[in-house]
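*Asks:* Chains as they are written, first to last, in this note's numbering: chain D, 2 to 508; chain A, 2 to 508; chain L, 2 to 508; chain V, 2 to 508. In this text, a Cβ means the ideal position worked out from N, Cα and C, and glycines have one as well. Everything numeric in this text was worked out from a predicted model, so none of it was measured.
1. Does DSSP classify residue 226 of chain L as helix, strand or coil?
2. What number of angstroms, rounded off, separates the C-alpha of residue 183 of chain A from the C-alpha of residue 177 of chain A?
3. Drop a sphere of 10 angstroms on the beta-carbon of residue 397 of chain D, count the other beta-carbons inside from all chains shown, and report buried for 16 or more, exposed for fewer.
4. Taking the alpha-carbon positions, what's the residue 262 of chain A to residue 45 of chain A distance?
5. Note down, in chain order, every chain L residue with its Cβ under 8 Å from the Cβ of residue 24 of chain A.
6. Please classify residue 462 of chain D as buried or exposed, where buried requires at least 16 neighbouring CB atoms within 10 angstroms.
7. Only counting runs of 4 or more residues, tell me where the alpha helix (DSSP H) segments fall wholly within the region 298 to 374 of chain D, in order along the chain.
8. If you measure beta-carbon to beta-carbon, which residues of the region 332 to 347 of chain V are closer than 7 Å to chain D?
9. How about the region 56 to 71 of chain D and the region 102 to 110 of chain D: do they share at least three Cβ pairs that are nearer than 8 Å?
10. DSSP three-state call for residue 81 of chain A: helix, strand or coil?
11. Does the region 158 to 173 of chain L come within contact of the region 373 to 386 of chain L, defined as at least 3 CB pairs closer than 8 Å?
12. To the nearest angstrom, how far is the alpha carbon of residue 509 of chain L from that of residue 487 of chain L?
13. So, helix, strand or coil for residue 188 of chain L, using DSSP?
14. What's the call for residue 433 of chain V, buried or exposed, on a 16-neighbour Cβ count within 10 Å?
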């Protein structure tokens with residue numbers, strides 16, 4: 002490992018421990034970059050400074066300091082770098098006090114000499130001093146930390162997660178619509194059930210993904226901040242202004258959010274918990290779709306297939322492999338990130354006006370945005386490039402026909418007046434099966450007798466069933482003779498759902 | 002263990018394996034009974050039959066069978082017992098087909114001779130036969146199971162959870178209001194922070210518990226049913242009626258709920274997941290309050306105490322113990338039930354038009370209602386019987402005064418014009434501390450110097466601080482001289498929050 | 002719901018809330034009964050009394066009281082019923098003090114008149130009084146509770162879980178051996194990989210289930226008790242005997258377990274956590290096997306099938322359905338119970354010499370035994386009744402042959418001297434594929450070209466590959482011509498694993 | 002955010018998303034560096050190449066290629082950089098094939114021109130070509146990935162986790178020994194229980210941390226590798242050597258580990274799960290100790306205090322604050338990482354010969370090493386710098402005395418012959434309490450009556466108790482008169498435990 006340190010820029014990446022910051026940073030560079038701009042430590046410091054500035058400006062509007070001083074402060078804050086803050090924190094061991102001190106250094110002209118900075122020179126002493134006195138005055142660290150977190154989580158959702166998730170809904174909707182009429186066999190318990198269309202099996206996800214997306218957006222937009230001091234009841238701010246809760250609302254409105262109706266040292270944790278739930282349950286729906294696509298790609302089913310690059314290698318030893326690895330990846334992200342809700346739930350509990358036992362745990366919350374955005378991207382790519390084998394779908398539907406007919410047969414017999422149709426059809430099915438059965442260790446595969454009319458044939462010559470069958474209308478007989486006619490409202494409802502979500506999301 | 006079986010009625014309880022059905026059934030009999038009426042297997046069967054009947058009635062309204070037949074069926078369904086259903090299931094190994102067969106037996110007069118039944122005799126053959134033909138016709142089991150679950154979960158919430166949780170909010174609100182002015186010391190990190198009132202520390206919970214309650218109610222009332230057949234696209238129902246989705250809406254409206262906008266064989270799982278989240282996060286708030294009350298009962302703090310029965314034993318070996326066991330129990334319920342959200346999240350994933358891998362897991366969901374209702378009851382009893390030691394609160398506040406004054410001192414110095422007040426006060430505090438410090442292995446306890454004015458005294462003779470102090474107004478000095486004046490908006494905001502929730506919940 | 006209460010014995014079951022105590026009590030009556038004898042509240046009380054008696058006997062051996070008094074006490078303890086204990090607890094609100102008082106009542110002849118009791122009459126006053134003085138003297142409740150839990154968990158494992166799990170290993174081993182030579186296609190990513198035997202796919206589970214079983218047994222046998230008093234350092238017992246830790250060892254040895262090397266009020270929680278981990282990870286292996294069996298039963302694969310009763314109903318609406326519901330159930334138990342490890346981990350944390358925040362949570366731990374034993378039973382039944390379709394397995398293997406040959410072709414080409422065999426074969430595979438491809442929306446299904454020699458044929462006329470192929474030995478060519486020869490050591494290793502576990506578990 | 006990109010080296014850190022790779026990389030640089038050397042992507046690639054080389058060397062020993070060729074390969078492998086591998090993977094989308102291709106480039110002299118590389122020039126064509134043919138031949142990616150993971154996890158444990166955890170045990174042992182005689186009050190339910198020594202409260206953690214450490218070591222040393230091919234039964238390797246399982250053992254022994262007794266495409270997942278459990282449950286013990294230290298630092302208790310730097314800032318607004326933030330951090334790490342066991346449990350399930358749904362989830366497993374090592378470091382620093390206030394401990398013990406005496410009084414009365422001592426003392430305690438009680442809203446604080454002999458005094462003039470008290474020996478009376486004599490075996494057992502772990506860990 003002696004060579005660690007040789008490669009300057011790249012080194013940092015490959016030396017990182019979190020896969021987010023090495024593997025996925027490489028593989029999903031654009032996503033990583035966008036998230037970094039909201040969620041990195043660098044970004045965090047900028048968001049925190051925005052809160053500090055918004056507060057000082059509100060104090061200036063109330064006349065506690067001059068507007069000019071507030072703007073001088075804003076200017077200094079913009080020049081603060083994370084490097085300075087961390088250097089200061091190494092000394093004070095307090096992150097927000099370090100932030101304040103870093104601004105102070107810029108105002109006092111003591112910041113490390115960078116080109117622009119030196120040019121600017123130290124600010125006018127008087128205004129700078131006034132600015133410094135009011136910087137963070139009356140706030141507690143968590144006013145800044147929790148408010149900044151709300152802001153960056155909201156931005157991360159709006160800028161990074163929302164557009165990707167929305168495009169995922171769009172892609173699934175497009176495919177659902179295109180395949181709204183494609184006959185396929187429905188599967189329950191992994192067994193052939195009754196006919197659907199392939200589009201119908203996707204419409205489910207248009208609806209569920211769309212609903213979760215709106216739920217997540219609502220939660221992201223309902224994140225709250227606080228400007229309420231050390232224990233939430235404005236002790237210090239009361240010394241500065243007569244209307245601390247109006248001030249709180251005003252500062253937060255300026256930043257684009259609302260205050261928590263109650264705070265201790267921290268914002269009530271349920272707003273973040275609701276967002277966590279929406280993200281994690283959304284990831285669950287993506288994992289469900291990924292699982293369905295994985296299984297439809299099984300060699301024996303092979304109704305769909307992920308696109309595969311010409312240069313791509315499926316296996317290091319089995320050159321023929323074409324694995325559904327993107328779908329697998331989405332499921333895997335769910336396994337990695339869903340359990341993190343328990344951290345969120347555990348962080349609901351904070352003793353008295355707060356303990357700090359969320360100091361490390363809350364720092365990992367932003368990784369949820371990565372998980373959801375990455376899963377959405379990956380799944381969208383799968384859906385957009387999905388190869389659909391309509392013939393395979395039809396073949397499976399036809400394979401299923403001999404037994405599928407059991408349901409409409411039972412319904413129509415009952416409707417026609419048969420006194421115990423379910424039992425009658427159950428017996429007919431067993432009879433049709435044993436007619437096909439062959440000797441051997443095991444049962445016979447479902448394709449052994451491809452005659453789609455096996456059960457129906459059995460029924461037509463069954464003394465119990467035949468009289469009732471005779472009463473069916475031609476249209477009813479059609480359903481029994483070709484299961485393609487037995488697809489319910491699959492196509493119509495698919496199109497209705499697609500239309501609903503196109504409208505809801507402006508697709 | 003040879004005597005198991007001797008005691009008839011009691012035996013069943015003490016032989017049970019789940020603590021819900023032995024220990025808590027005894028200890029919380031009324032709660033258990035109410036939950037049993039919604040959530041037991043007996044109740045489940047009744048709810049499922051309600052769905053079957055509502056469906057047949059809708060078919061009757063459309064003329065597929067006579068209204069009389071539908072009512073004959075309803076009548077038979079009312080007489081079905083779980084014992085019959087289970088006996089039938091032992092044969093068919095299918096629970097809903099067993100249900101249907103049990104109704105059939107009552108209609109055919111073959112049900113086991115019970116007084117009322119024999120009296121009624123078998124129903125008129127024709128109407129009975131017609132009823133039987135349409136019973137469950139076109140439905141899949143999960144139409145009945147999922148819809149019945151939505152109904153009983155909604156009932157369990159409305160009838161059992163809501164009133165208890167609401168009473169909990171009421172009790173906390175009452176106590177918060179009564180103690181809205183009671184001076185107390187705020188605590189962050191378990192350390193004295195700045196003054197609050199005891200009511201303020203409860204107002205937090207009024208707000209958080211109230212919000213979660215409304216969230217849970219919204220989720221409970223948004224549970225959905227389905228009448229959409231084997232794979233959700235109405236294949237079978239289409240053979241009976243031309244408007245299957247209208248029929249679905251109508252049947253469900255009759256039962257008091259709405260359809261899932263999309264179903265496969267099952268209702269989209271997110272509605273139950275949202276309820277799970279609301280319940281579990283509500284339980285988290287209860288656990289947080291319980292933790293606070295536990296700690297306030299620590300021997301060294303002893304600001305509050307759970308009521309204690311005259312006959313009650315605290316410890317089997319330490320006769321003097323008075324343990325906060327109800328608060329502990331609430332925390333423990335959270336530890337037991339919060340992780341079950343993992344099951345709920347895992348059950349979001351069901352392959353294709355469903356797999357059955359939620360067969361056992363979903364059956365444990367109802368236990369969440371027990372957990373939340375029991376925690377609410379227990380916590381309410383703690384809050385209602387809470388002994389509050391206002392003198393201890395005041396004593397701790399006065400103990401904290403010497404150091405607490407640091408915050409207002411810093412704020413006022415800065416406001417008065419001191420250029421670096423935070424650092425100045427940090428130094429003054431250390432100086433005041435070292436003045437009190439005594440030799441020994443460790444630091445000196447905070448009560449060593451009870452003089453509330455230590456830091457202030459230090460400041461008044463500090464050449465750096467004194468000039469700025471001289472500029473303070475009398476009112477500002479008051480705050481520094483007696484921390485009781487430094488309680489921010491604790492009392493006002495407490496009363497505002499209490500009023501808000503009184504109105505919101507009609508308390 | 003008016004009829005609740007009518008059916009005496011049955012009522013209790015159907016009114017229960019936990020599915021363990023209604024549904025599974027019915028469906029798995031023998032298992033439920035056996036577990037109840039270790040884990041019910043009735044059983045718990047008996048186990049706790051065993052601890053109390055073992056302690057008093059040890060005191061008697063040291064001469065603090067007469068052996069006769071100790072036996073009188075043992076006799077009285079045997080007559081205590083849970084009903085009495087609960088009645089007493091309703092008064093004292095302390096469960097162990099209630100237990101002690103219940104024994105007292107029997108000794109004093111004040112117990113409720115039951116036949117046997119009255120006959121016995123009150124015991125001789127002197128011996129009874131002496132016995133009473135020493136009952137529980139020096140113990141804390143948790144000495145009794147934690148020790149009793151260790152005993153009953155050990156018994157539940159040894160008597161209920163171990164035999165079922167062992168029989169499961171046996172069944173899987175039998176099937177693995179029987180099918181050790183059965184050719185099948187291996188699957189990775191749900192895609193055809195290279196050949197295995199069906200037995201090989203089961204040998205994996207023989208090994209993993211066997212290992213976990215031994216791990217669970219080791220953990221169950223390493224559960225610990227304590228006889229160490231209120232805070233673990235024998236304060237009270239020191240007043241009675243000079244060698245409290247020897248006494249602790251002796252009492253526990255008498256009961257068949259060892260002491261925790263350190264206790265506070267409670268046994269160190271890691272022993273139970275280790276058992277929890279072994280059970281949960283064992284359940285995970287069962288769920289994995291269940292998943293494999295579920296997927297092998299998919300309609301399109303249909304290589305195996307769960308046995309199906311002649312009367313059994315697969316679907317309430319689709320009379321043809323044969324669902325893998327037992328395998329699904331096992332997976333579902335895993336989803337329900339795996340998350341409970343979170344509770345176990347959370348219960349590791351207990352403040353100072355203990356808090357009681359495990360009061361409710363630890364009471365649910367016994368349900369884990371149900372989950373594992375039930376899953377083992379269910380899975381064993383599936384395996385024992387499994388219908389194996391060897392022809393389907395062979396058919397899939399042959400379907401896979403054209404592409405499967407890629408791996409040995411690459412290996413043999415490289416070995417023969419081809420300089421870049423992996424890349425060469427990857428290209429040959431793509432060529433063979435595009436030769437089969439047909440126009441259409443999607444790719445062509447894998448069965449389109451059933452010629453097993455497609456890739457090989459391509460290779461034989463490929464100028465790059467052919468020369469190297471010419472160098473292969475006849476045996477090497479054989480592997481390429483029939484993939485049945487390419488099964489590695491599947492059969493041998495299967496038999497070796499089966500033999501190893503037969504020996505290890507004495508099967 | 003326009004300035005992202007300006008600062009070259011630092012930028013990468015502050016742009017990272019994972020707190021491990023920005024915040025903790027800064028704050029715990031040494032730990033981060035050591036972990037990076039085992040767990041980074043750079044390290045992973047080196048470990049994977051070690052596996053490839055070990056395999057080729059084993060083939061060379063069997064004569065399939067020359068030893069010289071194998072060493073040429075080893076040489077080329079050492080020159081591979083992660084940058085090259087990732088560039089290749091971007092093309093092939095397969096990480097292990099990319100690795101192989103990167104080595105190929107070095108052998109063929111096509112690697113990007115770096116100084117040393119160009120100097121070396123391309124290797125002799127013949128040997129290089131031979132080497133290339135056997136590189137990875139017969140292996141599947143997961144042979145390399147899983148084996149490399151086992152190796153680096155073992156190294157990460159041995160090199161990074163073990164020494165830190167061991168030092169933690171040492172520090173706690175040292176403190177426990179030093180404080181083995183320090184009188185303190187035991188606490189159960191947060192209430193004063195009976196006396197202990199402070200050392201005793203730490204001995205618990207010496208034992209529990211020591212046991213978990215050995216458990217984790219055993220699990221780390223029991224991690225397994227595999228050299229068994231695509232589905233675990235050596236299909237490809239069989240074509241090269243006649244003894245594939247011996248080869249597997251040999252290659253792995255060369256690397257220092259053993260094979261999994263059964264593999265599919267992957268190693269049986271339980272070995273990693275056992276390590277996960279040991280790490281997570283060890284972290285749980287650390288969190289428990291951290292919680293205890295947090296609470297002992299509460300302002301009202303203040304028996305211990307974390308060391309505090311002279312420059313350190315406790316609060317950005319409350320200059321007087323001294324928060325137990327390191328202890329809080331340890332608890333928080335537990336909340337963040339404990340839930341990840343569910344990912345580990347979920348990854349036990351892999352369909353058939355494997356699915357890839359652990360592709361992302363398993364990549365986060367290494368972060369557990371960070372969590373445990375960081376928590377151990379942090380906690381050790383707390384323990385080593387802990388300020389212990391023995392006077393405060395004694396003061397609390399004396400405060401507790403009046404009620405604490407209840408237990409020995411009850412024991413001694415019973416031993417002396419009192420027929421119902423527990424009840425007698427319970428009543429005496431209530432009487433002593435009501436004697437102290439004062440009017441007010443709440444009960445009276447425990448310090449109201451500091452007379453240590455209150456209950457004893459009450460007993461001495463109680464007609465029921467006094468006669469029995471008269472029988473006590475002087476030594477017995479001593480215990481009642483001064484609770485310092487009622488510390489059980491706390492000191493002796495503390496020293497015994499410390500000695501045991503000094504020996505076990507060679508401290």
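*Replies:* In brief:
1. Taking the third chain and counting its residues from 1, one reaches residue 226 of chain L at position 225. Three-state DSSP puts residue 226 of chain L in a strand.
2. The residue you call residue 183 of chain A lines up with position 182 of the second chain. The residue you call residue 177 of chain A lines up with position 176 of the second chain. In a straight line, the C-alpha of residue 183 of chain A is about 10 Å away from that of residue 177 of chain A.
3. Looking up residue 397 of chain D in the first chain gives position 396. Residue 397 of chain D is buried by the Cβ-count criterion.
4. As a first step, residue 262 of chain A must be located in the second chain, where it is residue number 261. As a first step, residue 45 of chain A must be located in the second chain, where it is residue number 44. Taking C-alpha positions only, residue 262 of chain A is separated from residue 45 of chain A by approximately 24 Å.
5. Counting from 1 along the second chain, the entry for residue 24 of chain A is found at position 23. Ordered by position in chain L, the residues that pass the 8 Å Cβ test against residue 24 of chain A are 42 and 364.
6. The sequence position of residue 462 of chain D within the first chain is 461, counting from 1. So residue 462 of chain D ends up on the exposed side.
7. 326 to 338 and 342 to 347
8. 332, 333, 334, 336, 337, 340, 341, 343, 344 and 347
9. Too few Cβ pairs lie closer than 8 Å, so no.
10. Here residue 81 of chain A refers to the residue found at position 80 of the second chain. Residue 81 of chain A: coil per DSSP, three-state reduction.
11. As far as the Cβ criterion goes, the region 158 to 173 of chain L touches the region 373 to 386 of chain L, which means the pair count is three or higher.
12. A query on residue 509 of chain L cannot be resolved here, the shown segment of chain L reaching from 2 to 508 and no further.
13. For the purposes of this step, residue 188 of chain L is identified with residue 187 of the third chain, where counting begins at 1. Residue 188 of chain L falls in the strand class under three-state DSSP.
14. Here residue 433 of chain V refers to the residue found at position 432 when the fourth chain is read from its first residue. Buried: at least 16 other Cβ atoms inside 10 Å.
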